[in-house]
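Counting in my numbering, the sequence shown runs from 4 upward without gaps.
Here the structure comes first, spelled out in C-alpha cells, and everything after it is commentary.
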Amino acid sequence: MNILLSILKVLIKFSVIFMIFFIWLRYYMASKIMAFLLSVLLATILLLVLYITSKSRKNLANLKSKERQEAEGMFESLIKNKDYQFFYSLVSSRHKNASKRRIFTLVKNENGTILLYPFLKMKPFEIDELLSICFQAKKVKADKIVILAKEVSKEAENFALTLNADILLLDQYATYEYLFKEYDFYPEFEKRQTKSKRGRFKEIFDYSFDRARTKGYIMSALVLLLITFLFRQNLYYSIVATILLVFALICLIRNPKSKKITKQIL
Numbered sequence: 004m005n006i007l008l009s010i011l012k013v014l015i016k017f018s019v020i021f022m023i024f025f026i027w028l029r030y031y032m033a034s035k036i037m038a039f040l041l042s043v044l045l046a047t048i049l050l051l052v053l054y055i056t057s058k059s060r061k062n063l064a065n066l067k068s069k070e071r072q073e074a075e076g077m078f079e080s081l082i083k084n085k086d087y088q089f090f091y092s093l094v095s096s097r098h099k100n101a102s103k104r105r106i107f108t109l110v111k112n113e114n115g116t117i118l119l120y121p122f123l124k125m126k127p128f129e130i131d132e133l134l135s136i137c138f139q140a141k142k143v144k145a146d147k148i149v150i151l152a153k154e155v156s157k158e159a160e161n162f163a164l165t166l167n168a169d170i171l172l173l174d175q176y177a178t179y180e181y182l183f184k185e186y187d188f189y190p191e192f193e194k195r196q197t198k199s200k201r202g203r204f205k206e207i208f209d210y211s212f213d214r215a216r217t218k219g220y221i222m223s224a225l226v227l228l229l230i231t232f233l234f235r236q237n238l239y240y241s242i243v244a245t246i247l248l249v250f251a252l253i254c255l256i257r258n259p260k261s262k263k264i265t266k267q268i269l
C-alpha cells in the first residue's frame, strides 16, 4: 500500500510539471506530438532535479501549519525554561518503570532500558553531543537511545547510522507528532501575540501553500486548461492555469512528508 501511495504521489507531481510545460510548448511548436514528447522529457528531468534537491532538505513530520507553529513554540518554551522534568512527567504518565536523572529519563520495559535525552538548546544537535550521550548511555547500560532536539544536523543523522547502537533522533516536529500527540501530553507555552512582517508573511505563505490546497489548485487549473483547448487564442486562461499549477507544485514540494516511524519509541 505504501509503495502504491508513493507511486501515486510521484505521478501527481509529474502530471503537474508536465502540464506546465505542455500548456506553453503546444503554443510554440507546430507538432502536438513533439510538444507532448518534449514536455514528458522536461518534466522527467525537472522531477529528478526536485528529487535530488529534496534529499538534502530536512523533512517535516506530517503536521499541519498550525501544528508546526505549536511544535516550534512548545519546544522553544521547554528550551527557555530548561524543563527536563516535563519529559519525565510525560514518560511516567504511561510507563511506571521510569526514573529521572538530572537531564535524561530512563524507561525500562520488556525490550530493555531506554534512555530519553532532551537536548534543550537552540543550536542544532551535532555529532559531538551524540558521542557524549552515547557515552552516558553506556554508563547506565541503555539498550536504546531516543534524543529529542529542536533541530538535528544531517551530519549527526548520518553518523548515528554508522554506530552499532539503537539510536532514534527526533527534531521538534517529530517530537510533537510522535510524543506529545501520541501521549496527549503537551507543555505550556505562550503564543506569540505580536508578529513581525516576516512572521505574518510566513503565516500567509503556509496557509496559501498548505498541502491540503493542492487538489483545489489542480482542479481549477484543469478547468482552465480545458478552456484553452476550446479557445486556443485565449492567452489569459493559459497564464492563470500555469500559475495555479505552479501553486500546486509548491504545495507538493515545500512540505514533503517524513517517513513514518513505525517502531515503538518508548
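We put the beta carbon where it would ideally sit given N, CA and C, even for glycine.
Computed from a predicted structure; not experimentally measured.
What are the start and end residues of the alpha helix (DSSP H) that includes residue i?
| i | result |
| --- | --- |
| residue 183 | That residue, residue 183, is in no alpha helix (DSSP H); it is neither H nor E in DSSP. |
| residue 106 | Here residue 106 belongs to no alpha helix (DSSP H), and DSSP marks it neither H nor E. |
| residue 232 | 217–233 |
| residue 238 | 238–257 |
| residue 191 | Careful: residue 191 lies outside any alpha helix (DSSP H) and carries neither H nor E. |
| residue 133 | 130–142 |
Do you know offhand how far residue i's Cα is from residue j's?
| i | j | result |
| --- | --- | --- |
| residue 32 | residue 38 | 6 Å |
| residue 250 | residue 22 | 13 Å |
| residue 81 | residue 222 | 42 Å |
| residue 20 | residue 71 | 28 Å |
| residue 55 | residue 42 | 20 Å |
| residue 171 | residue 29 | 50 Å |
| residue 261 | residue 234 | Summary for residue 261: the model assigns pLDDT 49, below 50, so the residue's position carries little reliability, and this model does not support an answer. |
| residue 52 | residue 137 | 37 Å |
| residue 93 | residue 188 | 6 Å |
| residue 86 | residue 9 | 39 Å |
| residue 24 | residue 103 | 58 Å |
| residue 206 | residue 73 | 13 Å |
| residue 173 | residue 142 | 22 Å |
| residue 50 | residue 91 | 44 Å |
| residue 176 | residue 76 | 11 Å |
| residue 239 | residue 67 | 33 Å |
Under 8 Å by Cβ, that's how I've got residue i and residue j pegged, so tell me the actual separation to the nearest angstrom.
| i | j | result |
| --- | --- | --- |
| residue 155 | residue 127 | 7 Å |
| residue 108 | residue 123 | The pair is not a contact, with the Cβ atoms about 13 Å apart (cut-off 8 Å). |
| residue 26 | residue 231 | 7 Å |
| residue 130 | residue 78 | About 21 Å separates the two Cβ atoms, so there is no contact after all. |
| residue 269 | residue 244 | The pair is not a contact, with the Cβ atoms about 49 Å apart (cut-off 8 Å). |
DSSP on residue i, reduced to helix/strand/coil?
| i | result |
| --- | --- |
| residue 173 | strand |
| residue 119 | strand |
| residue 112 | strand |
| residue 268 | coil |
| residue 16 | helix |
| residue 93 | helix |
| residue 155 | strand |
| residue 83 | helix |
| residue 147 | strand |
| residue 167 | coil |
| residue 34 | coil |
| residue 213 | coil |
| residue 67 | coil |
| residue 125 | coil |
| residue 205 | helix |
| residue 100 | coil |
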